[in-house]
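Quick mapping for you: the protein sequence lines, in order, are chains Y and G. So the first sequence is numbered by our numbering: it starts at 1325 and just counts up by one. So the second sequence is numbered by our numbering: it starts at 1325 and just counts up by one. Here's the structure we're looking at; comments come further down.
2 protein chains.
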Amino acid sequence: MSTDRDLRTLVGYNLQRAQTAVMTGVNKTLKPFGLRRATYSVLSVVVETPGLRQVDVSEVLAIERPNLVQTIDSLEKAGWITRSRAEGDRRAYELYPTEAGRTHYAKAHAALSAFDKRLTAALDQAAVWALIDGLNAVEAAGPSAELAEDRRDDVVQTT
Amino acid sequence: MSTDRDLRTLVGYNLQRAQTAVMTGVNKTLKPFGLRRATYSVLSVVVETPGLRQVDVSEVLAIERPNLVQTIDSLEKAGWITRSRAEGDRRAYELYPTEAGRTHYAKAHAALSAFDKRLTAALDQAAVWALIDGLNAVEAAGPSAELAEDRRDDVVQTT
DNA sequence: TTTATTTCGTTATTCATTATAACCATTTCC
DNA sequence: GGAAATGGTTATAATGAATAACGAAATAAA
């Protein structure tokens, strides 16, 4: 009987498996709206904070700036957001949602929230909070856990 | 002040963010061992269950069979596992760890477990269990949550 | 026993995501 | 005033994952 019992002891492995299972559903949910995970996220933060800049989006969503270009291009082309040159800084654009963008986002958000709720249907509210808190803690710990690893690299390599 | 507050209400978004943050560390941890996430996982299940077949690995790890080929190739080439033709079925191989493979796996496992522990250093044991249980519940719910979505597609499209 | 279907592993290919280098125009810092 | 940093972009590469199709072999059905 083959198992992945050893792997299941790792938070990272469970995370990877859950992420893979969920992203399929996320993309299926967003597809009828002409959206994908990244475009939905960008639309969401622009609707939430009209006027923010690409560098702000990059920071908030942890997406590299070059990778935002086409994502924002497609939202602009669809008529859901606009790029306006920033006052006081001709390098930057301010991103605003259009009315159509707000409406579209509201619909997509409803569908995605419903899907998200079905993901956690088997959990009570306390368990959902524990899951989210745990995810946030792990996300926050990621970089510093790596840092320790960099020091371990030296040990491994000299061993 | 730009935020992703709306997105943070979604388990899926928190999952994605945590996964991205963690996988960087996982790959950095495994790199000195000449391993990546997929090769480590395959080595792990082969060490745990000597003799299993590629189709078994595919099922256990939820990796498509064509994508396993090069992963197993590299483990074999490194001398950590072997492919042996299965008795009674000349189509199939049985995968076995070598002694070097077992040793290498033990070392990589120790490093990855240490990294994983640092990920959850800020959580008590109950919170870690809640996180893992939540991840497993969400992973399990993924496919059926999609199914409901397929039915919703019809609704969305006729609306 | 023969034929049809399914299975196991593979090759080929495509697509999406993510990272990095380098560039230009502009702003900020010294 | 010159150097450094910034905001956005183009180009490119690597990785992970999905699918179609194939051949050999096993299993199922007639």
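Ideal placement from N, C-alpha and C gives every residue a C-beta, glycine not left out. These numbers come from a predicted model, not from an experiment.
Inspect the beta-carbon positions of residue i and residue j and report whether they are closer than 8 angstroms.
| i | j | result |
| --- | --- | --- |
| Y:Glu1418 | Y:Ser1408 | yes |
| G:Arg1341 | Y:Glu1463 | yes |
| G:Ser1398 | Y:Leu1331 | no |
| Y:Ala1416 | Y:Arg1377 | yes |
| Y:Gly1375 | Y:Tyr1420 | yes |
| G:Ala1445 | Y:Ala1454 | no |
| G:Thr1327 | Y:Gly1466 | no |
| G:Thr1373 | G:Leu1436 | no |
| Y:Gly1358 | G:Leu1443 | no |
| G:Gly1412 | Y:Gly1458 | no |
| Y:Ile1396 | Y:Val1371 | no |
| Y:Phe1439 | G:Ala1469 | yes |
| Y:Gly1425 | Y:Ile1456 | no |
| G:Ala1362 | G:Ile1387 | yes |
| Y:Ala1432 | Y:Tyr1364 | yes |
Below 7 angstroms on C-beta distance, what does residue i contact in chain G?
| i | result |
| --- | --- |
| Y:Ile1456 | Val1335 and Asn1338 |
What in chain G is Cβ-close to residue i, meaning under 9 angstroms?
| i | result |
| --- | --- |
| Y:Val1366 | Under the 9 angstroms cutoff, chain G gives no residues; its nearest Cβ is about 10 angstroms from Y:Val1366. |
| Y:Pro1467 | Ala1345, Thr1348 and Gly1349 |
| Y:Ala1386 | Arg1341, Thr1344 and Ala1345 |
Provide the residue(s) that pair with residue i in DSSP beta bridges, ordered along the chain.
| i | result |
| --- | --- |
| Y:Ser1408 | Y:Glu1418 |
| Y:Asp1413 | Y:Ala1410 |
How would you list, in chain order, the residues of chain Y whose beta-carbon sits under 9 angstroms from the beta-carbon of residue i?
| i | result |
| --- | --- |
| G:Asn1460 | Arg1332, Asn1338, Arg1341 and Ala1342 |
Any beta carbon of chain G sitting closer than 8 angstroms to that of residue i?
| i | result |
| --- | --- |
| Y:Arg1329 | yes |
| Y:Ala1445 | yes |
| Y:Arg1407 | no |
| Y:Leu1436 | yes |
| Y:Arg1442 | yes |
| Y:Thr1427 | no |
| Y:Glu1418 | no |
| Y:Asp1477 | Legend: pLDDT at Y:Asp1477 = 46, less than 50; position of this residue unreliable, value from coordinates given subsequently. So yes, Y:Asp1477 belongs to the interface. |
Does any residue of chain Y have a CB that is nearer than 8 angstroms to the CB of residue i?
| i | result |
| --- | --- |
| G:Thr1422 | no |
| G:Asp1413 | no |
| G:Ala1451 | yes |
| G:Glu1400 | no |
| G:Arg1389 | no |
| G:Arg1361 | yes |
| G:Val1480 | Confidence in G:Val1480 is poor, its pLDDT being 43 and thus under 50, which makes the residue's placement too unreliable to answer from. |
Taking Cβ-Cβ distances shorter than 7 angstroms, what residues in chain Y pair up with residue i?
| i | result |
| --- | --- |
| G:Val1393 | In chain order: nothing, as chain Y lies at least about 18 angstroms away. |
Indicate, with yes or no, if the ligand FAD has a heavy atom lying under 7 angstroms from the CB of residue i.
| i | result |
| --- | --- |
| G:Ala1410 | Summarising the ligand content, the structure contains no ligands, and the ligand FAD is consequently not present. |
Next on the checklist: Below 8 angstroms, how does it come out for the segment 1374–1393 of chain Y and the segment 1337–1353 of chain Y: are there three or more Cβ pairs, yes or no?
Outcome noted: Between the segment 1374–1393 of chain Y and the segment 1337–1353 of chain Y, the count of Cβ pairs shorter than 8 angstroms is below three; the stretches do not touch.
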